[in-house]
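Student:
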Amino acid sequence: MTGSSSLPVKIGLEIHCQLTQLNTKLFCSCYCNYREKEINSNICPICLGLPGSLPILNKKAVGFAIMISKALDCKIPELTVFSRKNYFYPDLPKNFQITQYDSYGTSTSIGKEGSVKYGENYKIARIRRIQLEEDPGRLVYENGRTQALIDYNRAGVALVEIVTEPDFVDPKEVRIFLNKMTSILEHLDVCNTNLEGSLRCDANISIGNGKKVEIKNIGSFSDIEKALTYEITRQKTMTIHDIEIKAETRHWDDKRKITKQARSKEEEEDYRYFPEPDIPKILLENISLIKTPELPDERKSRFINDYGLSEHVAQVLIDNKDLADLFESAIGIYHSPKSISNWIVSDILAFIEYDSSGKKTLTDEMKIDAKHIAEIAKLVDDNTINRPTAKSIISRIIKTGELPSDIIKKEKQTTTIINDETILLESIDKIFNEEKKATLDAKHNPTAINFLLGKIMRMTKGRADPKITTILLKKRLDEV
Amino acid sequence: MVTKDQLKHLSKLSKIDLTENEFETYTKQIEKIIKYLDKLDEVSFEENKPSVLVSFKKLSELREDMVIEPTLNIDQIAKNLKDKFVRGPVMS
Amino acid sequence: MSSLYTLNIEQVTNGIKNGEFTSEEYVSQIIDRIKKVDQKINSFITINDNALVQAQQIDKKISSGSKVGSLAGIVVGIKDNISTAGLKTTCASKMLSDYVPPYDATVIKRLKDKDAIIIGKLNLDEFAMGSTTEWSSYGLTRNPWNLDYVCGGSSGGSAASVAAQLCTASLGSDTGGSVRCPASFCSVVGFKPTYGLVSRYGLVSYSNSLEQIGPIGRTVSDVKKIMEVISGKDTNDNTTIDTRNNINTNHYDSEQKNNQKIGLLRELINGADESVYQCIYSAIDKFNKFGFTYEESSLKSSEYALASYYTIATAEASSNLARFDNIRYGFELNPDDYEWNTYFSKTRGNFGDEVKRRIIVGSFVLSSGYYGKYYLKAQRVKNLIKHELKKLFKEYDLLISPTVPVLPFKIGEKIDDPLKMYLIDINTVLANLAGIPAISIPIGFKNGLPIGLQIMADEFQEKKLLDISEVIEKSININTSYPDLY
């Protein structure tokens, strides 16, 4: 029996990223955002593949693909070429897909031989190639039926396919890498990764240098770790029992949480790739003028070096680009990076929800933005309100969008910090009267002071300045 | 040599039904055609030929990313619709 | 006025503008003639019901003093693989028997912009695959000069209708000779432009790296007039290129004509029939008197041109025709209860024999294991031919040959032997492979059957080619008679 723990695992990924931030599709001028459009209403002769139609390449899509190539440190050719992948399927309007894969060696896709650093130890994942291609339409099934209904609204939307070398050795690495990739794509502003279906990933695994198994139909990034873990276990188990692992394609069954053999085809599909005659070779001139926006690693360094944030806080902001943007806008209004970043990380982050696919969303319903946070930070720093008050204001702002200063005006009685010693002493005396036993305790026992302090805070509706109150409490106790 | 089996494979690849009769006739005809195409093997290419003028399009000449409101009505084109979906066949 | 159908483009547009007759009169006569004559030759698949109304609109425009386009009133027949909005476009195939395009091809838009009237859709070999128009699912088109003979293909309807005077001019498509061959067989002028000069948006693709839409007319002058209107860069076709040479007919430089050096491609005439051979040389004698320098020349790689052509064309066809699965458009056949592989294969069984053969050959030459041997090599040969022709055009202004090495032959004669049929194209495929412009002009008859001369120029030398062809046409001066059909 072969010892499974010594078998090296090799995982490679094929990521499909929709260029959702384009206005139009890759080869025609229909809307790029097909979601929530009436069925088969976002179509034209080109994306429907009507006879006589011709693909017209989107300049900005090429620009986005170049930015992705640069961000992933890829070599970009002088001339980039498109090709046809020929196969039949009802969701494919032309029964071929225009892509850039060339199975015959001469690599002229938009990028190749790049790399990405990810994780705490900056492990390197090599990128084999990057290519532009078009999305097919969507097949929908009525309940219980197998007859396909086809919606072509999505057909022709621009995709960038990113293929890695099989450099990953366990599913955890894959997860961390995919988070990094998501962050990069968000920072490039080429893909809104919160949109459903905007980022998809297939994987291939081999163990012990054996045959490669492809896993497709993984619904979301959060499923990948599960799918890969399952598949590795399956393969290791087979190996232990000396069962041969076949090179095949398997589908991830999300309901049963297993991989299963894809419908076996009698022959392996022959895609008969050849260069796309309707699109000339594209001369990629002056691409040095195409500047990529700031990438996550650069931004993180800048947060640490320029703003003095800790590694941890900086990482949290980078991992949630919305929050990083919020942070920078807020410090533009009130320059206090440390306190603002802390407010965001400790208070706002908690309100961010995970939806069913595991994605984080700074929902549109959260009415808080930079000016709110800047004000809060300033009010606390100026000692106009105290921390507990600030926290409660934040949760109110998120719902209503009111400015902190407005809330304070409205709720003057309940928000302004009380640091007037006379008023505080009044409250202290009141509490001493109500809590005679605790007061006596507090003379000897410091923790009882906290109890009294708590009572005073409640009585003053959180407005008492905790520092001053504590000092006065101790003084008064001595006098009692 | 193009065999009937090869033809069967190609007809499957191109998704075209052929009758038994067609298989018979086409095999012979296609074999003749492929034999003629084998002429290409006779061509000798001089190694030092200067590369042919490659026609290309500049990145700057490509289409701007501006929406043109879609006006195509699926009802005008597709014959089998259900609730605006195009009716497809059964997927096994 | 009767016999308006005999008028050429200039005579029609001038006649209507000057009030000698109305557009409505002209179109009425044409429609009448089509009804009487076309049953003999079967060049039309669909007649435009709206043509008379459009003619009336043009008349209204003129009488109200509004400006009309340069082609106002002429009737143009359109090969039925070019998309016409609202008018059935079948490609002569059962697969598209019910297909009505929702959009106009760019060339159609441009013709309409100049007030030309689309009179109807013309017969072709199914999906433009063929050399005799015998592969149409709407029946074959007969040669107007002799009804027992083929009219050439694949744009047979386009050539026959012009020869039979059923339209002022027509549009065809030329992938390996499909405009020039029928033009030659029907004794009319057919022109294939430089690749990229005329938009293919709306042309149902057969072999997209080789084909161009081209005009067919009674004279070179008529062909020029159509070219002026339809050519030019199009944002809807990424393969169109800015024209480098102006083909404006009013700019004829008489200096040029006497200094032209013409080369006859030896390989292309050596294989020709005796009667074709003789006709070519007698034509050469005639135009030599006009001061051209003429000599025999050679293109070594021409031997491999046909193999290269059929490899590339069938490969692209196998992919271009994959979209015809009857799901989105096509003909009546409900997909309910059909498993999808079965449905696709069954509907696609409706292609004709020649189309099926070419799709299969095309899949073969692209399939793994064969791609390098066939497709890649064919591309290299294509480049070789382009290169050699470029060299020749440094020496010669124009290159000539017979358009087709044989006379038109009897219907059914080559239908059972595909390879024999392919050899018809042996002289014409060169121009498609190299992307250069080429024209066929009628130069004579033998036994009542037409013979054509092919003239080729370097890419984008349309002006030179058309201007000189006009001179040669005049020098040969064959009787511009028309077949006696009615």
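Residue numbers (the working numbering), protein chains in the order written: chain R, 762 to 1241; chain C, 123 to 214; chain G, 10 to 495. Where is the CB? At the ideal position from N, CA and C, for every residue including glycine.
Who pairs with G/P411 in a beta bridge, going by DSSP?
Tutor: According to the DSSP secondary-structure assignment, G/P411 is paired through a beta bridge with G/L462.
Student: How many angstroms separate the CA atom of R/R890 from the CA atom of G/S328?
Tutor: 25 angstroms
Student: To the nearest angstrom, how far is it from the Cα of G/C100 to the Cα of G/D89?
Tutor: 5 angstroms
Student: Inspect the beta-carbon positions of R/K1018 and R/K977 and report whether they are closer than 8 angstroms.
Tutor: no
Student: Looking at chain G, is there any beta carbon in it that lies within less than 8 angstroms of the beta carbon of R/I772?
Tutor: no
Student: Can you tell me which residues form a DSSP beta bridge with R/R899?
Tutor: R/D912
Student: Please name the residues in the segment 1029-1048 of chain R whose beta-carbon is closer than 7 angstroms to at least one beta-carbon of chain C, in chain order.
Tutor: Within the segment 1029-1048 of chain R, contact with chain C at the beta-carbon level (separation under 7 angstroms) is assigned to D1031, P1041, K1042, I1043, L1044, L1045 and E1046.
Student: Nearest to G/L212 by alpha carbon, out of G/L401, G/G95, G/A114 and G/K103?
Tutor: G/A114
Student: Does the pairing of the segment 1070-1084 of chain R with the segment 1047-1054 of chain R give three or more beta-carbon distances under 8 angstroms?
Tutor: no
Student: Beta-carbon of C/K126 versus every beta-carbon of chain R: anything under 8 angstroms?
Tutor: Among the residues facing chain R, C/K126 is not included, as its CB has no counterpart in that chain under 8 angstroms away.
Student: Quick one: Cα of R/V1141 to Cα of R/S1097, how far?
Tutor: 11 angstroms
Student: Could you name the residues of the segment 188-206 of chain C whose beta carbon sits closer than 7 angstroms to any beta carbon of chain G, in the order they occur along the chain?
Tutor: L194, Q198, I199, A200, K201 and N202
Student: Does the beta-carbon distance from G/I485 to G/I271 come in below 8 angstroms?
Tutor: no
Student: Can you round the beta-carbon distance between G/S196 and G/P427 to whole angstroms, since I take them to be within the 8 angstroms contact cut?
Tutor: The pair is not a contact, with the Cβ atoms about 27 angstroms apart (cut-off 8 angstroms).
Student: Got a sec, what are the start and stop residues for the beta strand (DSSP E) R/T860 sits in?
Tutor: F857 to T860
Student: The segment 781-796 of chain R: which residues have C-beta closer than 7 angstroms to a C-beta of chain C, in chain order?
Tutor: L783, N784, T785, S790, C791 and Y792
Student: Of all the options R/G917, R/T841 and R/S830, which has the alpha carbon lying nearest to the alpha carbon of R/P806?
Tutor: With distances taken between Cα atoms, R/P806 lies closest to R/G917.
Student: Please confirm whether G/Y14 and G/Q48 have their CB atoms less than 8 angstroms apart.
Tutor: no
Student: To the nearest angstrom, report how far apart G/Y431 and G/F296 are at their CA atoms.
Tutor: 31 angstroms
Student: Using 8 angstroms as the threshold, is the C-beta distance between R/I1217 and R/I1184 below it?
Tutor: no
Student: In chain order, what residues of the same chain have a beta carbon less than 6 angstroms from the beta carbon of R/P932, not counting five sequence neighbours either side?
Tutor: E986, L989 and T990
Student: Compare the Cα-Cα distances from G/K70 to each of G/E33, G/N51 and G/I40 and report the closest residue.
Tutor: G/E33
Student: Between which two residues does the alpha helix (DSSP H) carrying G/G301 extend?
Tutor: The sequence as given places Phe at residue 301 of chain G; Gly does not occur at that position. Segment: none, G/F301 is in no alpha helix (DSSP H) and carries neither H nor E.
Student: If I follow the unbroken beta strand (DSSP E) through R/Q779, where does it start and stop?
Tutor: V770 to Q779
Student: Quick check: R/T781 and R/C791, are their CB atoms within less than 8 angstroms of each other?
Tutor: no
Student: Along the chain, where does the alpha helix (DSSP H) that runs through R/D1190 open and close?
Tutor: E1182 to E1195
Student: Could you give the first and the last residue of the continuous alpha helix (DSSP H) run that contains R/Q782?
Tutor: Here R/Q782 belongs to no alpha helix (DSSP H), and DSSP marks it neither H nor E.
Student: For R/K1099, would you say it is in contact with chain G, using Cβ-to-Cβ distances shorter than 8 angstroms as the test?
Tutor: no
Student: Contact defined as beta carbons within less than 8 angstroms: I believe G/E135 pairs with G/E363. What is the distance between those atoms, to the nearest angstrom?
Tutor: That belief holds up - the Cβ atoms of G/E135 and G/E363 are roughly 7 angstroms apart, short of 8 angstroms.
Student: Can you pull the DSSP bridge partners for R/H1012?
Tutor: For R/H1012, which the question treats as bridged, DSSP gives the partners R/K977 and R/K1021.
Student: Quick one: give me the first and last residue of the alpha helix (DSSP H) that G/V21 is part of.
Tutor: I18 to K26
Student: Would you mind giving the Cβ-Cβ distance between R/T1000 and R/I1006, rounded to the nearest angstrom? I have them listed as a contact below 8 angstroms.
Tutor: 7 angstroms
Student: If you follow the beta strand (DSSP E) that G/I452 is in, where does it begin and where does it stop?
Tutor: A447 to K455
Student: For chain G, find out if any of its Cβ atoms is closer than 8 angstroms to the Cβ of R/L900; answer yes or no.
Tutor: no
Student: Could you check which residue in G/N247, G/N59 and G/F53 has the C-alpha nearest to that of G/C176?
Tutor: Ranked by how close their Cα comes to the Cα of G/C176, the residues G/N247, G/N59 and G/F53 have G/F53 in first place.
Student: Taking only beta-carbon positions, decide if R/K820 is within less than 8 angstroms of chain C.
Tutor: yes
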